[in-house]
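Okay, here's the thing in structure tokens:
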């Protein structure tokens, strides 16, 4: 059995040589192995219009933070990590805190959980409760921008304009639809160098034609992630051929994309950054006494609130949150397909999308496809509306009678209940064990952790919930761990806005 210290397999990771151009930022990642050999690659963000000025300290500072994000995944594996760029105290504190949190998340959710990418014996790690999990000594240097000084700023962005971290998924599509009614949306599609971009292509084409504020930066983070994985001695050599619903190691992924959105948000003076995450992405658990977020920290409200506090410290005064935290996945899809059917047609939620007939099509075989087909069918909608064939629909429903879906227990149970009661999947020993009626899944839900009114800024609360209540079957509030029926008049629209208060990671 291996111990945590055995995961330290690199001497140093250096993030340096930051280049700031009008439409591009770049840095070199150099990895020094224990034998002294080195290997390097470049991390690049590029844009279709000017967002940077190399003589502007704020732009150089943001570029330095952007190129640092990928490295936050590797605190467990290096003796030293060096960030060479322009950073202030708030930046350094943010990077250190997020690296420590990510180190703990990766340890628990990649090494103490099932991970088909790991070689033996690294798949059996001794549990250790430590004060700190980041092994690396983190150093901040400034070899290139020593003549620049960062001074406090206090920006005043537009309260009713919104950057939306966009993809082809139902969450960002619904977020856009809502904001198109309530404010001014700016959908931002981060075009990855890898196949993940396939899921966004249909939606991006639609937005490019219909939404003038659409932006599409490009980032090669996927190549950098794969480059790093190839250096890791505990990852199986054939990792690229393994079909799985998880990444081999990384868990700080949304942050990489989010910092690619920030140049656009700041230059356009957008007061809000929206990430579409639902009720079941904010979860805290323990393993052997170690608190963690079930590999979902960068989809949780804690992540949003931490970023909001960071933006306030920087003087940018941007707020980050999700409009969808009171919604289940099934209710999200219901609102999308019922209220915004043209947007829903562009949805691609699939682990292996492919091109066919000039557009991207879902594979119809993966867990995500089973889930989407099942939910649309349970809602009385035709999955063909977003690209599934008759054969794929039949196969997905048949497989649902044999295989579970990745939802929290009550959500999955209610989906199976609807499908079996409607006669779409067989009532067999497997489905009878899973299927249970949980009508609150179709309610707006508010509890003391996942979904709280105080995590939303005042200006969005009433207009948002006036729409959502049209599609929910009710409102539920959890008190003392018991769900109780509530009414629209019970919603606390005037409760204080609290993300600026510090919470523990």
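Numbering (the numbering used here), first residue to last: 1001 to 1505. Virtual Cβ for every residue (Gly too), placed ideally from N, Cα, C.
Short of 8 Å in beta carbon distance, which residues of its chain neighbour residue 1005, apart from the five on each side in sequence? Order them along the chain. 1135
Spell out the partners DSSP gives residue 1192 in its beta bridges. 1219
Once DSSP output is grouped into helix, strand and coil, what is the label at residue 1084? strand
Rounded to whole angstroms, what's the CA-CA distance from residue 1137 to residue 1444? Just pull it up for me. 45 Å
Taking all protein chains shown into account, decide if residue 1156 is buried (16 or more other Cβ within 10 angstroms of its Cβ) or exposed. exposed
Could you tell me whether the Cβ atoms of residue 1264 and residue 1188 are closer together than 8 Å? With respect to residue 1188, residue 1264 sits close: the two C-beta atoms are nearer than 8 Å.
Going straight from the alpha carbon of residue 1432 to that of residue 1420, what length do you get? 8 Å
Taking just the CA atoms, how far does residue 1386 sit from residue 1337? Each residue's Cα considered, the two are about 10 Å apart.
Among 1475, 1479 and 1500, which has the Cα closest to the Cα of residue 1489? Answer by Cα proximity: 1475.
State the Cα-Cα distance for the pair residue 1031 and residue 1075, rounded to the nearest angstrom. 13 Å
If you run the structure through DSSP and keep just helix, strand and coil, what is residue 1483? strand
Spatial neighbours of residue 1351 within its chain, please: C-beta separation below 6 Å, excluding the five flanking residues on both sides. 1366 and 1368
Closest by C-alpha distance to residue 1217, when choosing among 1047, 1494 and 1457: 1047
Measure the alpha-carbon distance for residue 1486 versus residue 1477 and round it to whole angstroms. 6 Å
Who are the near neighbours of residue 1007 in its chain, counting only those whose CB is closer than 6 Å to its CB and skipping five residues on each side? The answer, listed in chain order, is 1076 and 1077.
Using the beta-carbon count (16 or more within 10 Å), is residue 1362 buried or exposed? buried
Are the beta-carbon atoms belonging to residue 1233 and residue 1211 less than 8 Å from one another? Cβ atoms of residue 1233 and residue 1211: not closer than 8 Å.
Once DSSP output is grouped into helix, strand and coil, what is the label at residue 1451? coil
DSSP bridge partner residues for residue 1042 (one or two, in chain order): 1028
With H, G and I counted as helix, E and B as strand and the rest as coil, what does DSSP make of residue 1341? helix
CA-CA distance, residue 1326 and residue 1391? 34 Å
Provide the residue span of the beta strand (DSSP E) that contains residue 1137, from first to last. 1137-1141
Pick from 1039, 1306, 1293 and 1339: whose alpha carbon is nearest that of residue 1109? 1293
Distance CB(residue 1150)-CB(residue 1057) smaller than 8 Å: yes
Identify the continuous alpha helix (DSSP H) that holds residue 1205 and give its terminal residues. 1198-1210
Ranges of the beta strand (DSSP E) found wholly within the region 1293-1343, counting only runs of at least 3: Scanning the region 1293-1343 from its first residue to its last, the whole beta strand (DSSP E) runs of 3-plus residues come out as 1319-1321.
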